[in-house]
Each structure stands twice: as C-alpha cells, then as structure tokens.
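Enquirer: Numbering (this note's numbering), first residue to last: 3 to 427. For glycine and all other residues, C-beta sits at the position ideal for the given N, C-alpha and C. Predicted model, so just to flag it, every value in this text is computed and none were measured.
This is the structure we're talking about:
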C-alpha cells in the first residue's frame, strides 16, 4: 500500500509540474519564447502525463483561448514544436525507444487538444495551409522542408507513424534489434489485420492498438475542420481530406485495407465467455470504432465525383477508388459476414442479463455498408444473390424502427436509402 501511495504522489507531482508549465506559458502574454529553448518546450511532451484525459483536464479551453489571443507567436510555436517532434520520431523510425514513443503520444494528444481551437477561429484557419508562418521550417526534415504547408507535413508524419514497427505495427519476426534501425518502413508488410489483400494473421499487443487509436483520433480531428464553418462556407473543400485521399499519401492502400479489415474482423464476444467485457479491457473495440469513423469520413469525401470515374480517369479519392476495385468473392464474404456480425450484435439475446458486450457504433457500420453498395456494384450484386441478404436486412429494419421512436434521430433517411438501394437491382 505504501508503494502505491508513493507512486500516486509521484504522478501527482508530475501532473502539477505539467500544469505549472501551462500556466507559465499562458502567463507570458508580452514575451515571445525562443523556439530554440528546448528545455522549456519539452515540458509539454516529456512524459509528465501519460493519457489524453489528463491533457484535456490540465489544458483548459480558457488556457488555449488566452494563449491564442494574447500570445499568438507562442501558440504557433507550440504547435510547430509538437509537429517537429513527430517529424524527428518518424526519422528515427523503428529505432524509437519507449520514452520516445511516450513523447510521440503526448505530442499527438496535445495536437488533438489544440487543433479544434485553430479551426473555430476564422482568422486562424489558414494557419496550417500558409507557408512560412514562422521560421521553423528548417527544423522539419525531408522533402517537405520549407515548401509544404504544415498541414501536409503533419498528415504525412501521421501516415508514417501509423505503420511504424513496434509502435503501430508488429515488426516481422526475422527483424532483430541489430537490423531494425536500418530496416525501411516501406518494406514491411503494412496491413494491420487479416482480410482483404492480406492473408496472414498476427497477434497484436494491446499497446499497439492503443497507439493506433490515439493517432487515428488526431487524424479525425484534422478532418473535422468543416464542422466549424458557417452554413454559407460549409461547401468549401476540405483540404485536409483532399490531401490525405490523394496520391500524395503513399500509405493510402495499406491504410484503407487496414481500417476495413480491422472493422470486419472484429468479434465483440471474443472467447464467448459471459461478462468477459466486465473483467477485461478491450483496446480493439476503441480502435474499431475510431477506424469506422475515419473510414466513413474519408469515403464520404467528394463522393459525387466517384460516379464519373472510369478505367482511364485519375481518381481524386483513392480510398473510394480502392473500395470500388474489390472484386474477389472471398473478400465480399469477409466484408459482409463481418458487418452482419457487428450489426446483429445489439440484437443478441442471452439468459444472463448484460452478459454480452453490446457495441455502440452501428451508425458508422451502416454508412460503410451503404458506401460499399454505392461504390461497388459487384458487392451489391453479391449481397443480393446470397442468402445473407436477410441477415443484413433484419438489423437495418430494427434500427429503422428504433429511429422512428426517437424524434431526435435523423437516421431514418439513411436507412431508407439503403433499403431502396437493395430494391433497385
């Protein structure tokens, strides 16, 4: 017990130290802190906190508003230095130590907290897309140095981090500690889960799933800029999504298949033991939910342009293009059976009350099924010719009935679209 109390006190001291750093930063309203003062800036990601809840609790909205309005130079520097840390970690690649991984995660968490406050201010929305906003570009490595906007650099680094060995993917068994540092990220099998485009199954540690979830949450935060537009401006193109779904994203194909496979391969029941979700933590469920949200947003980007794509034209959204090119029946079976399993999860009945885990992201799954049928006609025909069509219709009708009983639910129209799509053929 004494050791537990000591650990708790030690962590509380570190949390208070992080809070003092935030207060110190927001209090320097008339002082621009030097960008080369690494001792000061490293306080915000050097491991003083280790979860996103602490970041959101210790960095309040008032703190960020004060920093943005009264110390804009320090606010810009804080964001740049966090992206710089991500960049240097990508350069280190597979040789990242545990302490460096903690720094990366804290930078990701801090950016997840700060970016919405950039989007909410009309004067700041161009910050990520304007070049030479601050004289820090020389510290960013690679071909993006001094040329690309900060938004593109950030998205590129996040894409790289999603396929970093021993951080977000399991390194191959034949790669040892001596050769891992020289091993190229591009040469490693990228795809996270067995399924479409990948026939091998790997056991993934919970920490890797947790790291993927944190990074995907930041990616989703970057995509959310459109939410902050006023209605007259809501039709403006989302530059974050346009870049991420273009051919500039070298990880587009492995990321698409990874997200799709993680969703469709997930089994909420695990070993089928009653109440196991009460006893054990399920990091995979959090990853599946945020993967479904990211994939749903990506597939909805420039969806109208997909209707005119032919064999010779260049796609504007490579994720929807890859989705439309799936054609093997075993892949269709894997996708359909996975969606049926997850959509029917809330309908499960057991003798023991609340003994089975119930997922709560059926809306994202239904959007994914709708996009599959809309973009891939072969998949739609496969659904209709199999006996599984009844298994997919039952949960759709169930959710349609439930949404009708809820006046605040606006999903009825989507359910009607899905049913009409199935009836059109």
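Quick test of the definition: if touching needs 3 or more C-beta pairs under 8 Å, does the region 317 to 331 touch the region 387 to 399?
Expert: no
Enquirer: Under 7 Å Cβ to Cβ from residue 23, same chain only, skipping five residues before and after it: list those, please.
Expert: 45, 46
Enquirer: For the ligand MG, I want to know if residue 392 counts as a neighbour, meaning its beta carbon is within less than 7 Å of at least one of the ligand's heavy atoms.
Expert: Absence of the ligand MG is noted for the structure shown, with no ligands found whatsoever.
Enquirer: To the nearest angstrom, how far is the alpha carbon of residue 366 from that of residue 132?
Expert: 33 Å
Enquirer: Closest by CA to residue 258, which one among 159, 301, 66, 344?
Expert: 301
Enquirer: Under DSSP, the alpha helix (DSSP H) around residue 329 begins and ends at which residues?
Expert: Element bounds for residue 329: n/a, residue is neither H nor E.
Enquirer: Among residues of its own chain, excluding the 5 on either side of residue 60, which ones have a beta-carbon nearer than 8 Å to its beta-carbon?
Expert: For residue 60, same chain residues with a beta-carbon under 8 Å away, outside a window of 5 residues either side, are 17, 20, 21, 24, 51 in chain order.
Enquirer: In the DSSP assignment, what are the bridge partners of residue 171?
Expert: 167
Enquirer: Which class does residue 363 belong to by DSSP, given the choice of helix, strand or coil?
Expert: Three-state DSSP puts residue 363 in coil, outside helix and strand.
Enquirer: Is the distance from the Cβ of residue 195 to the Cβ of residue 110 below 8 Å?
Expert: With contacts defined by Cβ atoms closer than 8 Å, residue 195 and residue 110 do not form a contacting pair.
Enquirer: Mapping the DSSP letters down to three states, classify residue 19 as helix, strand or coil.
Expert: Assignment of residue 19 by DSSP, reduced to helix, strand and coil, places it in the helix class.
Enquirer: If you drop the 5 nearest sequence neighbours on each side, which residues of the same chain put their C-beta closer than 6 Å to that of residue 285?
Expert: 208, 211, 212
Enquirer: Which residues bound the alpha helix (DSSP H) around residue 245?
Expert: 241 to 246
Enquirer: Kindly indicate which three-state DSSP category residue 199 falls into: helix, strand or coil?
Expert: coil
Enquirer: How big is the Cα-Cα spacing for residue 399 and residue 158?
Expert: 41 Å
Enquirer: When the Cα of residue 340 is compared with those of 401, 265, 239, 324, which residue comes out closest?
Expert: 265
Enquirer: In angstroms with no decimal places, state the Cα-to-Cα distance between residue 82 and residue 172.
Expert: 29 Å
Enquirer: Short check: CB of residue 378 to CB of residue 328, under 8 Å?
Expert: It is a contact, given that the beta carbons lie within the stated cut-off.
Enquirer: To the nearest angstrom, report how far apart residue 230 and residue 289 are at their CA atoms.
Expert: 25 Å
Enquirer: Rounded to whole angstroms, what is the Cα-Cα separation between residue 164 and residue 256?
Expert: 10 Å
Enquirer: Applying the 10 Å Cβ sphere with the 16-neighbour rule, what's the burial state of residue 150?
Expert: Looking at its Cβ environment, which holds 16 or more other Cβ atoms inside 10 Å, residue 150 is buried.
Enquirer: Quick check: what's the CA-CA separation for residue 48 versus residue 106?
Expert: 9 Å
Enquirer: Between residue 423 and residue 376, is the Cβ-Cβ spacing less than 8 Å?
Expert: yes
Enquirer: Residue 319 by DSSP, collapsed to three states: which one?
Expert: coil
Enquirer: So the alpha helix (DSSP H) residue 391 belongs to, where does it begin and stop?
Expert: 391 to 406
Enquirer: When you compare only the Cα positions, how much space is there between residue 123 and residue 303?
Expert: The C-alpha of residue 123 lies about 23 Å from the C-alpha of residue 303.
Enquirer: Out of 363, 91, 154, 53, point me to the one whose CA is closest to residue 112's CA.
Expert: Selected option, being the one with the closest Cα: 53.
Enquirer: Determine the contact status of residue 225 and residue 241, defining contact as a CB-CB distance below 8 Å.
Expert: no
Enquirer: Among residues of its own chain, excluding the 5 on either side of residue 76, which ones have a beta-carbon nearer than 7 Å to its beta-carbon?
Expert: 27, 30, 34, 35, 69
Enquirer: Quick one, are the C-beta atoms of residue 397 and residue 346 less than 8 Å apart?
Expert: yes
Enquirer: Considering Cα atoms alone, identify which of 360, 294, 331, 348 is closest to residue 372.
Expert: 294
Enquirer: So residue 223 and residue 118 are in contact, right, with Cβ under 8 Å, and what is the actual spacing, rounded?
Expert: Between residue 118 and residue 223 the Cβ distance is about 7 Å, and since that is below 8 Å, they are a contact.
Enquirer: For the alpha helix (DSSP H) that residue 269 lies in, which residues bound it at each end?
Expert: Careful: residue 269 lies outside any alpha helix (DSSP H) and carries neither H nor E.
Enquirer: When you compare each of 380, 337, 214 to residue 1 by their alpha carbons, which one comes out closest?
Expert: Residue 1 lies beyond the residue range present for the chain, which begins at 3 and ends at 427; the question has no answer from this structure.
Enquirer: Can you tell me which of the three DSSP states residue 43 falls into?
Expert: helix
Enquirer: Does DSSP put residue 64 in a helix, a strand or coil?
Expert: helix
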